[in-house]
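J.: Sharing a structure, written as C-alpha cells. Questions coming.
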Amino acid sequence: MLAQRLFAPIPLLLLSLAATELTYAPAPGTTLTRTFWSRVTGEFDVRVELAGQPQEAEIPPMSLDSDERIRVVDRIESVVGGRPARLSRTFEEVAVEEKFRMDGDATLVEETSPFVGETVTFVWDSEGAAYRVELPEDSGLDEAQVDDLVEDMDLRGLLPGRTVETGDRWEADLSVMGALMFPGGQLHARDVTSDEAVPAWKTELDRQVLANLTGTLTVELLGVEDGVARLGLEVDVTTEGTAEMEVHAESPVTHSSVEVEIAREGSGVARWSLDEGHLVGLDLEVDATMSMRERNEFPLPDGPVEVVQLRDFEGEIAYELLVE
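Position one of the sequence shown corresponds to residue 2 (our numbering), numbered consecutively onward.
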C-alpha cells in the first residue's frame with residue numbers, strides 16, 4: 002500500500018510535464034525584428050489561343066529565380082485578448098529580385114516598396130473587431146496605401162487554442178498561408194526604376210487570392226526543447242482570383258482580364274517561444290503551381306476576337322522567417 006501511495010502520483014506528474022500551452026503573450030514594450038525570405042525557382046510554359054484555338058507558335062519555356070526579402074521592426078506596446086492592442090511597425094527593407102531566362106536571354110527585375118523607411122501603428126478596435134492603421138503626421142504614405150496592411154506577422158493562426166501534448170495535431174487558420182504569401186499585407190512593390198503606382202487590377206487580384214484560400218494547414222507539436230516548441234507543418238492549399246484590367250483609350254484592345262489559379266503543397270517547421278510568447282522562426286518548402294490566363298478582346302469587322310495568353314508555372318518555393 003505504501004508503494005502504491007508513493008508511485009500513484011507519478012503518471013499524473015508526467016502528464017502535467019508533457020502538457021504544453023501555446024499562447025501569444027509577449028511582454029508590453031517588446032521590440033522584435035522580423036525578417037521574411039521567399040525564394041522561388043521554376044519554369045513557365047507559355048502558350049497562345051486565338052478565338053479558342055491553340056496556336057502553333059513556338060514559345061520557348063521561361064525560367065524564374067526570385068528572391069524576396071522583407072524586414073520590419075515591431076514594437077508591441079500593449080497586448081489584450083491574445084493579440085497586440087497597439088503595435089508600431091517600421092519597414093526597414095522590402096526588396097524583390099526576379100531573374101527571368103528565355104532562350105538564352107536573361108532579364109533582371111528589381112522591386113522595392115513605398116513602405117521602406119515608413120512607420121505605421123496598428124490599433125485594435127474591439128467594437129469593430131479589426132485593426133485600424135494610424136500614420137504619423139510626417140508620413141509619406143496615404144490612407145489608401147495602408148488599406149490592405151496585415152498586423153499579424155507572428156502567424157498566431159498556428160496556435161491550437163488549447164493545451165496540447167507532443168504528437169497532438171490540429172488544423173491551423175489558413176490566414177497563416179496568406180501571411181506567408183503576402184508578409185505584412187499588400188506592400189505595393191514596384192520596379193525600382195518606376196514611381197508608378199501598382200495597377201488597381203493587381204491589388205484586386207491579390208485581394209481575391211487571399212480571400213479565396215482553401216485547403217488544409219495541419220500542425221503537429223513535435224516537442225519542446227529549451228523553452229521552444231517545434232511545430233511540424235503540412236500544407237495543401239489552393240486559391241484563385243480574377244480581375245478586370247484597365248484598357249487605355251489608345252489601345253486596340255476593347256476588353257482585358259486576368260485569371261489565376263494557385264496551389265501550394267509541402268511541409269516545414271515553425272518554432273514558438275513558450276517563455277516569450279511569440280513565434281521565433283519558420284522554415285517551409287512547398288511545391289508550387291500557378292496557371293494564369295490573360296484575355297484580350299480585339300474588334301474585327303466580323304466581330305470581336307479573343308486572344309488568350311496562358312502561362313503555367315511549376316516550381317518550388319522556400320519560405321523562411323527569423324524573429325530576433
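We treat Cβ as the ideally placed atom computed from N, Cα and C, and that holds for glycine.
Keep in mind the model is a prediction, meaning the values are calculated, not measured.
Going by other Cβ atoms of all chains shown within 10 Å of its Cβ, with 16 needed for buried, is threonine 217 buried or exposed?
T.: Threonine 217 is exposed by the Cβ-count criterion.
J.: According to DSSP, is methionine 291 helix, strand or coil?
T.: Note: methionine 291 maps to strand in three-state DSSP.
J.: Who does alanine 264 pair with in a DSSP beta bridge?
T.: DSSP, once it has assigned bridges, lists Thr239, Thr290 as partnering alanine 264.
J.: Contact between the stretch 65-75 and the stretch 28-39 is defined here as three or more beta-carbon pairs at a separation below 8 Å; is this criterion met?
T.: They touch, by the three-pair rule.
J.: I'd like to check one pair, glutamate 325 with threonine 164: are the Cβ atoms closer than 8 Å?
T.: No. Outside cutoff.
J.: Could you give the DSSP three-state label for leucine 322: helix, strand or coil?
T.: Strand, per DSSP.
J.: For chain C, find out if any of its Cβ atoms is closer than 8 Å to the Cβ of tryptophan 202; answer yes or no.
T.: Protein chain content of the structure displayed is limited to a single chain, and chain C is not contained in it.
J.: Taking glutamate 235 as the reference, which of Lys203, Thr255, Leu223 has the closest Cα?
T.: The option with the nearest alpha carbon to glutamate 235 is Leu223.
J.: Count the CB pairs spanning the stretch 307-317 and the stretch 44-56 that are closer than 8 Å, and state whether there are at least three.
T.: Output reads yes: the stretch 44-56 touches the stretch 307-317.
J.: Is the stretch 77-87 close to the stretch 56-67, with three or more CB pairs under 8 Å?
T.: No contact exists between the stretch 77-87 and the stretch 56-67.
J.: Taking only three categories from DSSP, how would you classify aspartate 207?
T.: Of the three classes helix, strand and coil, the one that applies to aspartate 207 here is helix, per DSSP.
J.: Report the CB separation of asparagine 297 from serine 257 in whole angstroms; it is logged as a contact under 8 Å.
T.: Yes, they are in contact, since the Cβ atoms of asparagine 297 and serine 257 sit about 5 Å apart, within 8 Å.
J.: Can the beta-carbon of valine 95 be found closer than 8 Å to that of leucine 188?
T.: Their beta carbons are under 8 Å apart, which means valine 95 touches leucine 188 by this criterion.
J.: Can you tell me the Cβ-Cβ gap for phenylalanine 92 and phenylalanine 116, rounded? I've got them flagged as a contact below 8 Å.
T.: Confirmed, Cβ separation roughly 4 Å.
J.: Would methionine 345 and leucine 214 be called neighbours here (beta carbons separated by less than 8 Å)?
T.: Residue 345 lies beyond the stretch modelled for the chain, which goes from 2 to 325, so this question has no answer here.
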